[in-house]
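Undergrad: To convert, note that position 998 of the sequence shown is 2101 in the numbering used here; the numbers rise steadily by one, no gaps.
Yeah, the Cβ is synthetic: ideal placement off N, Cα and C, and Gly gets one too.
The model shown is predicted, which means the values in this text are computed figures rather than measured ones.
The structure that follows is given in the form of C-alpha cells.
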Amino acid sequence: MQGFSQFTLQYICQEKASYVKTSNHFWRLMLYVFSAVYYPPEAPTDLRCLSQSLATIVCSWNPNTSLDTTYTVCQDSSRKCTSVGRNTSVELQFSLFKTLQIRIIANNSLGTQESDIFTVNESNIVFQPHTPRMVRVFREESDLELLVEWSDGADMYSFDLNLLFQIQVIQTQSLKEVGTGNRSVTLNPGHNRILQWSWLTEMPLQCTSHSVRVRCISNEPQYLFAGIKAWSDWSPWSTLDGEDVSNQTSNHIYPKDAIVLEAGTNMTFCCIAGVGSFVKRLTYHNYLIPLIKLSNRSTAIEVKNLTFLLEAGGNVFCELSSDITGAVIFVGSRPDVPQNLTCETRDLKTLNCTWDPGRFTGLTAERNTIYTLSHGSTSLTCDKASQTSAYYWCAYTLSNTSQYNISLTAENPLGKTQASISVNVTRVVHPFAPDNLRQGLVTADTITLLWLDPVNYKGIWLMCEIVISEEGGKSTLLNYSVRGESPYKSHVVQIDRLRANTLYTIRARYTSQHFWKWSEWSNTVTVRTQQAAPSVGVDVWRDISVNGSRRMVTLFWKSLSDAEANGPIESYTVTWKKVGDGAVSSEEAVSTSTELELDTAAYSVSVVARNSAGLSPRSTITIPPHRGDVDVEVERVTGSEGGFNLSWESRHHRSCGYTVQWCRPPDCQPEWLKLPSNLRHAVIRSDVFKPGVRYNFSVYECRPDGDYLLEEQVGYTKELAPTDGPEVTVRETAGDWIWLQWEDIPQDKLRGFIEGFNIYYIKSNASSPAWLSQPAKTIRASEKKIFKINGLNPGTTYNIAVSAFTGGGEGPVKLTMVTTLNSPTTPGNSLYPSLRIKESFYPDIPDPNNSKVLQDGNFFQGVTTCSTLEPRDCIPNEVQVVEGRQLAMEGRKGSLYESIPDDTSNQESQSQGVLSYTPQRVSTDTNLPSNTSGRTNLAFDVSSLPPSPPCPSQVTYSTIQSSGYQRQGRPGPEQPQAQTDIVVKSGYQPQIHSHTPPSAAPQDLSSPEVSLPTHCGYKPQMQPDSLGIADQQPPITTPIGSPTSVNSQTFLLAEQESAELPAGNRSWPLSSFFNT
C-alpha cells in the first residue's frame, strides 16, 4: 500500500464499512481509489459570473470532480492569482465596459490542471439585485385597500439604478394568489427610501388573512446594461391577519353597513363568525349565490357587476349557528364630469354658473354629489344648489376684475371630477327685459315708445330689438343701440313709416353689445295709428242690360283693403254724365254696387270713396253707346290645377286693356280682373272654384269709347260625372221596335260637358245586375236625344235605361219599363202599314185529305185558271239574299223619322232576329232578262199544273242576316252574280199556285190598270201601287212585311232606316235580318 496518502487511506476506511459487505463491492471501491489517485484533477469548465451591485462579480465553475482539490484563480495575463482553497467560486472587482481574462488552476497531491482562459465582460454577466427588505403590510381607512411598504435598498448600490419591483399577494389560509403588482423605481445611491404599493381588493381585508412578498429585477435599458438580467430572490412573507383568526366572539359582515359601492364592479361579501360559531347561510338582495368557504369561521359570496339598487339600498343577510346579522349596501357611480359649464351675469354684480351634472349617480341624501365653485383661493360650496330643469347653478359674487378662471368640482363617496372655464364678464352679459314699455305720441304714420332699464346698466351698450306686428300677422324687426342707464331714466325711440288706422302690437327685448343671449320679452303694447284719406281709388266694373231705348247699368266696385282705405269707408259718391254733355248727376251709396238707368248714348261714370279723413282718388269707367247686340262665339276652356288659363286675340288697334269677368257661385256675385293692353292671356284662380261647377268667362276689350265684349269662354276646373240621368219617354212602340226620347239634364246636375249617351235594354225576365255594366248602344253626340231600338220581340216587356257621360265619367241611369205590341206592326201614320204577316203570307197549311172543298168536287167550279197544289217530295226553295237596303215608300220625303238614328248595335247581343220579306211577281217566261231577281220555286213542278192566269209563282227573300244563327242546308245549284247569296233548302216553304205560261211576259205592276187575280190559290198581300218595274231594270221590290221564322211563330220585321239607299239598290241589307 505504499504511496497511499493519509487522505486516501482515511477515505478507504470510511467507505469500507458500507462496501465490504460483499467482496464485489470492496474491489470496485479499491479500483476507484487507485484510478483517482494516480491521475491529476480535471480542468474547471462552465465559468458563470453573477453580480448584485455591478461593482463586484462572483464567478463560479464546474470542478468536474468530487475529490479533494484546491483552486487558484488568475486574472488577465498577470501573475496575480488568488487561492480560493476548495471553493468553486471567487469574488472579483469589476467595472462596466471592461473585460476580464480568467484562468482557474485545479491542484491536488497527484497533479495540477489549468482551465482554458475565460473572457468575462458585461454581456455575459448576470445581474441579480439584492433581495428587497420588507417593512410592513397594513390597511388604513378602507377595508378594500391593502398597503405594502419595503426598502428600496439604495444603500447597497453605488450608482443610479432603475429597478422594477414585483409584489405578490396571496390568501394565507388557502395560499391562493389574489393579486400582483409592479412598481418601477430609480434608486438614489446611499439613500434608502421606503416604497409603498396599494392593492384594491374585491373582498374586505377582514374576511381572511393576506400575505405579501416582494422581489426585483433590473429595469435598465439595453444600451445601459447589455448583460443578463435576473430576478432577485423573494423577500420573506409578511402577513396581515384577518378577523377569522382573532379571538373575538362577535359576528361581523363585511363590507360594513351603509357602505357605498360603485356600479359595474365586482364585490365579495363575507360573514365572520365569532369563536365557537359558524356561518349557515349568506345572501345578497335575495339573490341565490354560491358560498365560498374562506376558513372555518369565514364564509363569502361573490357578486359580479353590481347594479343600481333602490335609493334605500340593498341588504346582505347572514344566518349563523347562534345568531343572525346583516348590512345595508348602496350602489351608485362616481360623479360625471360637469358638462356645458357656462357662466353669465345679469346685473353686473353676480356671476351665475350653470352646468349639466351628466349621468345620474344613483346616490341621494348624504351620499349625493357636492359641487364646489372656486376662483383662485376663493371657493363657494354649492351643496344646496337649486336644480332648474336638468341643470344646476351656483351664484358667485363678482369683484372689480373682469376675468375669472372658474373651477367646478363634483364629489361623492365614490370619487370626484372637475371642470374649468375662463370667463370675461363683459362678454357674458345676459340683460333683463326692458321695463315698463309704453306708448307716447301717435300720428297716422308714427308711434313714440318709452321704456326703463330694470337694473343699473351704466357703462355698457345694449342692443334693443323691437318687434311691431300688424293686424293679419305681418311683423317688422327694428334694432336700436342704446347706452345703459339707471333704473329711473327712460329710453325714447320713434317708429315711423307706419300705415294709417292700423292696429299694431309692439314688444321689445335686450342683448349686450357683445352678443351673448337675448333677454326675455318686455310687456306688450297695442297701439292704433290715426286715420288718413283713402290712398287709391276703387276698382269699378259694370253690367249692362238693354230694354228698348233704355239701358240698366249696374255698377260694381271692389272694397278697398284696410291698407288702402286708411280708415272705415263711410260712403261712396257716384257721378255720371253723358259724353259731350256738361250736365252731371250724382248719388250716394253705402254698398259696393248701384244701378243707373241710362239711354243708349255714351256715358262717363265715376266713383269716389270717403272716410272720416278725406276722399279717395276718382275711379272712372266709360259706358259705350249701344250699337245693337253683338253675337260672340262661346268657346270651351279646360281648367287645370284649380284654375283656368284664358287667352284671346285683340280686335282693335287702339285697345287700352282687357277685363275678364266671371261670377262666383252660388249667387253669381260678379268677379273681374283688369289687364293691360300688352297681355292677352290670364290665369284665373280662386279658392271658390270647385270641380263639377260650370264657370262662364266674358272677355271685354277696352277702347276709347268704352269696353266691348270680345269673346265668351265656358269651362270646368275639373269635369265630374253627372249627378242625374235623362228623363226618358217612349215616343212610339211597335211589335219589334221602340222610339225613345229624353230631355236635357238640368245645368246644375251636368257637372261637365255632355259627350254622349249610353242606352241599355234587356228583357225584364232576363234582367240581372250585370246588364248595366256594358251599354248596348253608345251615342257620341250631345245633341242627339232620340233613339230607335230595333229587333225586339213582340209582346215582350223590356227594361230600358239611358245615361249621359262627360269627361268626368258616366252619370246615373233612369229606368223605364216598356212592353212591345203583340205583333210587329207599325202605327197607321208611320212609314209602313200594319200587317199581320203570318196570317197574310203564311197561313196554316190545309190537309188535302181533310179538305171538304176537295171532297165535294166544288173546288174548281167557276175556276178555270188555277189548280190545287199536288204534294210531292219537299224540294227546298232557293232563297236569294242580296246585300242592299231600300227605304220603304221612297217618295215620302221629310218624314218624322228621317233624322232619327237607328239601333245599329250588335243584334246578336240582343237575342233578336229581323227578316225582311218582299214578294214579287215573276213570270216563268224564259225570255225574261237575265238580271231579274226572281227565281223559279223548285218545290213543285209548275209545268204539271193546268194553265191558269198569271199568279205570283216566286218569292224573293232579300238580305237575310244570320249573324246569330244559320240553318244548315244542302248545297244548291250555283247562283248568279249577287252581293250575297244564301240558299236555304229546308224548313217551312210557303205554298204558291202558279201557272204562268212560259211565253207570258211580265206585267207592269206599276200601271194603275194592273190588278191581281183574286182566284189564285195562295196570294201574298201587297200594295199594288208600290210595285213597279222600270224600263230595262229588274223588278222593283218594296218590303211590305216579314215572314215567320222557319222554326217558330215569331214575326220577324225588318228594321226601319232613316237614311235613303243609293239609287238602284232596292233590297234590305244583311244587317236588317236576324234568325231566332
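(1) Leaving aside the five residues before and after E1588 along the sequence, list all residues of the same chain whose C-beta is less than 6 Å from its C-beta, in chain order.
(2) So what's R2073 in DSSP terms, helix, strand or just coil?
(3) So, with DSSP's three-state summary, where would you put D1851?
(4) For E1667, report the span of its beta strand (DSSP E) as first-last.
(5) To the nearest angstrom, report how far apart L1247 and Y1357 are at their CA atoms.
(6) Start and end of the beta strand (DSSP E) containing R1653?
(7) Restricting to Cα atoms, I'd like to know which of V1440, T1500 and W1340 is closest to C1456.
(8) Do you know how far the Cα of E1514 is from the Cα of I1392?
(9) Rounded to a whole number of angstroms, what is the C-alpha to C-alpha distance between P1516 and R1470?
(10) Would you call the region 1691-1708 and the region 1647-1659 in contact, with 3 or more CB pairs under 8 Å?
(11) With distance defined between alpha-carbon atoms, name the residue in N1527, Q1155 and F1792 nearest to A1257.
(12) Would T1311 be called buried (16 or more neighbouring beta carbons within 10 Å of its own) or exposed?
(13) For L1565, which option in N1539, T1551, H1533 and K1592 has the closest C-alpha, if you only look at C-alpha atoms?
(14) Suppose the cutoff is 6 Å on Cβ atoms and the five residues either side in sequence are ignored; what does the same chain contact list for V1281 look like?
(15) Would you give the residue range spanned by the beta strand (DSSP E) that G1282 belongs to?
(16) In three-state terms, what does DSSP make of T1546?
(17) DSSP state of E1346, grouped into three classes?
(18) Reducing DSSP to helix, strand and coil, say where W1840 ends up.
(19) Can you give me the start and stop residues for the beta strand (DSSP E) that K1866 sits inside?
(20) Where does the unbroken beta strand (DSSP E) through M1920 begin, and where does it stop?
(21) Contact defined as beta carbons within less than 8 Å: I believe D1255 pairs with N1295. What is the distance between those atoms, to the nearest angstrom?
(22) Are the CB atoms of S1625 and R1537 within a distance shorter than 7 Å?
(23) Does DSSP put E1365 in a helix, in a strand, or in coil?
(24) Looking only at its chain, what residues have a beta carbon closer than 7 Å to the beta carbon of C1373, apart from the 5 residues adjacent to it on each side?
(25) According to DSSP, R1739 sits in a beta bridge with which residue or residues?
(26) Please go through the same chain and pick out, in chain order, the residues whose beta-carbon is closer than 8 Å to the beta-carbon of D1426, but skip the five residues on each side of it.
(27) Can you tell me where the beta strand (DSSP E) with L1385 in it begins and where it stops?
(28) Rounding to the nearest angstrom, what Cα-Cα distance links E1815 and F1860 in this structure?
(29) I think E1822 touches F1856, with their Cβ atoms under 8 Å apart; what is that distance to the nearest whole Å?
(30) Contact check, L1327 vs G1367 under 8 Å by CB: the rounded distance?
(31) DSSP three-state call for A1468: helix, strand or coil?
(32) With distances taken between CB atoms, is the gap from E1690 to V1710 smaller than 7 Å?
(33) Bridge partners for C1771 per DSSP, in chain order?
(34) Could you give the residue range of the beta strand (DSSP E) that holds K1681?
(35) Rounded to whole angstroms, what is the Cα-Cα separation between K2201 and T1923?
TA: For this structure:
(1) D1556
(2) At R2073 the pLDDT is 36, less than 50, meaning the model places this residue with poor confidence; the figure from the coordinates comes in the next sentence. Three-state DSSP puts R2073 in coil, outside helix and strand.
(3) helix
(4) That residue, E1667, is in no beta strand (DSSP E); its alpha helix (DSSP H) goes D1665 to A1668.
(5) 10 Å
(6) R1653 to W1660
(7) T1500
(8) 33 Å
(9) 6 Å
(10) yes
(11) Q1155
(12) buried
(13) H1533
(14) V1272 and Q1274
(15) K1279 to L1290
(16) coil
(17) helix
(18) coil
(19) I1857 to K1866
(20) K1917 to T1922
(21) 6 Å
(22) The sequence shown places Pro at residue 1537, rather than the Arg named in the question. Yes, the pair counts as a contact, with Cβ atoms nearer than the cut-off.
(23) strand
(24) M1306, P1307, C1310, Y1357, L1397, S1401, T1402 and A1403
(25) V1817
(26) N1354 and S1380
(27) V1382 to Y1387
(28) 27 Å
(29) 7 Å
(30) With 8 Å as the limit, L1327 and G1367 do not qualify as a contact, their Cβ atoms being about 43 Å apart.
(31) helix
(32) no
(33) Answer is none; C1771 lacks a bridge partner.
(34) I1672 to K1681
(35) Outside the displayed range of the chain (1104 to 2179) lies residue 2201, so it cannot be described from this structure.
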